[in-house]
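Chains as they are written, first to last, in the working numbering: chain A, 1177 to 1385; chain B, 1177 to 1385.
In this text, a Cβ means the ideal position worked out from N, Cα and C, and glycines have one as well.
These notes concern the structure reproduced below.
2 protein chains.
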Amino acid sequence: MARPKTPRLNRAMIVDAALELVSSSKGLTMPGLADKLGVSVSSVYHHVRNRTELVELIRGRIAGREFGDLDRNGPWRTVLATWLREYRSAFSPYPDLVRLLIGQTISAPEVLEQYEYIAGVIIAAGFPREEALPVIMVLDSFALGSALDLSAPDEIWAANPTEHAHLTTAIAAAPAEVVARADAAFEYGLRCLLDGLAFRLGETPTATT
Amino acid sequence: MARPKTPRLNRAMIVDAALELVSSSKGLTMPGLADKLGVSVSSVYHHVRNRTELVELIRGRIAGREFGDLDRNGPWRTVLATWLREYRSAFSPYPDLVRLLIGQTISAPEVLEQYEYIAGVIIAAGFPREEALPVIMVLDSFALGSALDLSAPDEIWAANPTEHAHLTTAIAAAPAEVVARADAAFEYGLRCLLDGLAFRLGETPTATT
DNA sequence: ACCTGAACACCGTTCAAGT
DNA sequence: ACCTGAACACCGTTCAAGT
């Protein structure tokens, strides 16, 4: 074989295949990826410097999608709520992706654009300059933590009804299925967080998200 | 050598050594751990079923510490704030520990006890049963996400002053050092979250944390 | 430039062998 | 029970060799 006249691999294809592997039973491995693409491992390395770079490409792909649908007008609460929802839901088809991305420093340029936009929204909303970064970081922490819940097992805590009475009550009163439970918690936290932020701005936290 | 009359290894020693390795340059590996303990790899496996179990033991150790200092009296805001602060600060000596723990399902019993206690506080505070789990999950997501910030690089975003004007402004107005920056964001988010929760309870969110 | 096969260092885990 | 040395399967990465 060796060098075919028309390349049989490109970065887009590689990222596609990698994304499919991330949440598969075997996870993302270079041999597994090569296999799925029908090439040899070393061939993949001709298009991607290393595994780290591959993960950054995946991050860019995900971030790009998310950013596309963002509505730039409207009140800050709505914009931030939309962004956070899309941020998180971008991960739902790939439950294990969050953990993969968390393990690694951000360098994808698409992500920078997003934060730039969000920073603008926050400043325009009236938050003082020193609070802008904290606000971003808090939203980020919350979205990331919430996205992690998507890949949690159905039974997060093996609570014992007699030893853990309160916890058992709490669990029984919430949806049993992971995604439904995570969704509910996310929406609940979103409202709390936005209410808290509105309160800091001196606004009445009654507005709808 | 073979079986010495007095064992030269036990679980506590192993967890100690493992904790030291987690945030070291080489990270936590079984060969590295054996090396640090001065024994062979297979020897470690005699005390710990596998790497997964080892990580669970580490989780238990950390959770145990944290829970010890919890003040059980006082208003719910204070109790939750204290818990969240200790939760997060338990990770600060081991910046990379969060990522290690996140990769794995919780099974350490010490952690269950904690959530049981927190569930009790939340219910006693007056939150309806259906909101108890969401509240716990939201606090959890936030604390976890915030703990992740502790291991972030000094320069999280390589923001370009001309292309990312708002982001640059935000970054310039915040502490430059990782830990100081993460601390500020955490305290800010903590207040927002508790304010938002107080608002849901019908309380005036003016109380000090 | 773009692909292959073979190789290397490293990791998690197991197992027969010793006391 | 508790330790060792050797082995296995697997992973990320490199490199000379081919067109």
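C-alpha distance - residue i paired with residue j, whole-angstrom precision
i, j, result
"Thr1345 of chain B", "Val1354 of chain B", "17 Å"
"Val1387 of chain B", "Ala1188 of chain A", "Here chain B covers residues 1177 to 1385 and nothing more, so residue 1387 of chain B does not appear."
"Ala1348 of chain A", "Asp1211 of chain A", "44 Å"
"Pro1183 of chain A", "Ser1283 of chain A", "27 Å"
"Leu1256 of chain B", "Arg1357 of chain A", "22 Å"
"Gly1214 of chain A", "Val1231 of chain B", "36 Å"
"Glu1196 of chain B", "Gly1203 of chain B", "9 Å"
"Ala1193 of chain B", "Leu1324 of chain B", "22 Å"
"Thr1338 of chain B", "Ser1327 of chain A", "38 Å"
"Thr1254 of chain B", "Ser1317 of chain B", "19 Å"
"Val1224 of chain B", "Gln1290 of chain B", "24 Å"
"Arg1179 of chain A", "Thr1281 of chain A", "34 Å"
"Ile1299 of chain B", "Pro1251 of chain B", "12 Å"
"Gly1240 of chain B", "Arg1264 of chain B", "13 Å"
"Ala1308 of chain B", "Ala1295 of chain B", "7 Å"
"Asn1336 of chain B", "Gly1236 of chain A", "18 Å"
"Thr1258 of chain B", "Ala1266 of chain B", "12 Å"
"Met1206 of chain B", "Ile1312 of chain A", "38 Å"
"Asp1272 of chain B", "Leu1209 of chain B", "16 Å"
"Ser1322 of chain B", "Glu1306 of chain A", "18 Å"
"Gly1378 of chain A", "Ala1301 of chain A", "11 Å"
Partners in chain A for residue i, counting only beta-carbon separations shorter than 7 Å
i, result
"Ala1335 of chain B", "Leu1288"
"Val1231 of chain B", "Per Cβ cutoff of 7 Å: no residues; Val1231 of chain B is ~13 Å from chain A at best."
"Leu1373 of chain B", "Cys1368"
Beta-carbon gap between residue i and residue j smaller than 9 Å
i, j, result
"Pro1310 of chain A", "Ala1360 of chain B", "yes"
"Ile1278 of chain A", "Ile1238 of chain B", "no"
"Trp1333 of chain A", "Val1297 of chain B", "no"
"Ser1201 of chain B", "Tyr1270 of chain B", "no"
"Phe1375 of chain B", "Phe1375 of chain A", "yes"
"Ala1350 of chain B", "Asp1330 of chain B", "no"
"Glu1262 of chain A", "Ala1341 of chain B", "no"
"Leu1343 of chain A", "Leu1260 of chain A", "no"
"Leu1320 of chain B", "Leu1320 of chain A", "yes"
"Val1217 of chain A", "Ile1190 of chain A", "no"
"Gly1372 of chain A", "Leu1233 of chain B", "no"
"His1222 of chain B", "Leu1185 of chain B", "yes"
Chain A contact for residue i (CB, 9 Å cutoff)
i, result
"Arg1235 of chain B", "no"
"Glu1307 of chain B", "yes"
"Thr1254 of chain B", "no"
"Tyr1221 of chain B", "no"
"Asp1325 of chain B", "yes"
"Asp1211 of chain B", "no"
"Ala1356 of chain B", "no"
"Ile1298 of chain B", "yes"
Contact set between residue i and chain B, taken where Cβ atoms lie within less than 8 Å
i, result
"Ala1301 of chain A", "Under the 8 Å cutoff, chain B gives no residues; its nearest Cβ is about 12 Å from Ala1301 of chain A."
"Pro1329 of chain A", "Thr1281"
"Ala1295 of chain A", "His1340, His1342, Leu1343, Thr1345 and Ala1346"
Cβ of residue i within 9 Å of any chain B Cβ
i, result
"Arg1376 of chain A", "yes"
"Tyr1263 of chain A", "no"
"Pro1310 of chain A", "yes"
"Ile1238 of chain A", "no"
"Leu1320 of chain A", "yes"
"Ala1346 of chain A", "yes"
"Ala1266 of chain A", "no"
Proximal residues of chain B, C-beta to C-beta of residue i below 7 Å
i, result
"Val1314 of chain A", "Ala1361, Tyr1364, Gly1365 and Cys1368"
"Ile1332 of chain A", "Ile1282"
Chain-ordered neighbours of residue i on chain A, where CB pairs are closer than 8 Å
i, result
"Glu1292 of chain B", "Ala1335, Glu1339, His1340, Ala1341, His1342 and Leu1343"
Contacts that residue i makes with chain A (C-beta to C-beta distance below 9 Å)
i, result
"Arg1275 of chain B", "Arg1275, Ile1278 and Gly1279"
Within chain B, the residues that residue i reaches when beta carbons sit closer than 9 Å
i, result
"Ser1317 of chain A", "Ser1317, Phe1318, Ala1319, Leu1320, Gly1321, Ser1322, Ala1323, Leu1324, Asp1325, Ala1361, Phe1362 and Gly1365"
"Ala1349 of chain A", "Pro1304, Arg1305, Glu1306, Glu1307, Ala1308 and Leu1309"
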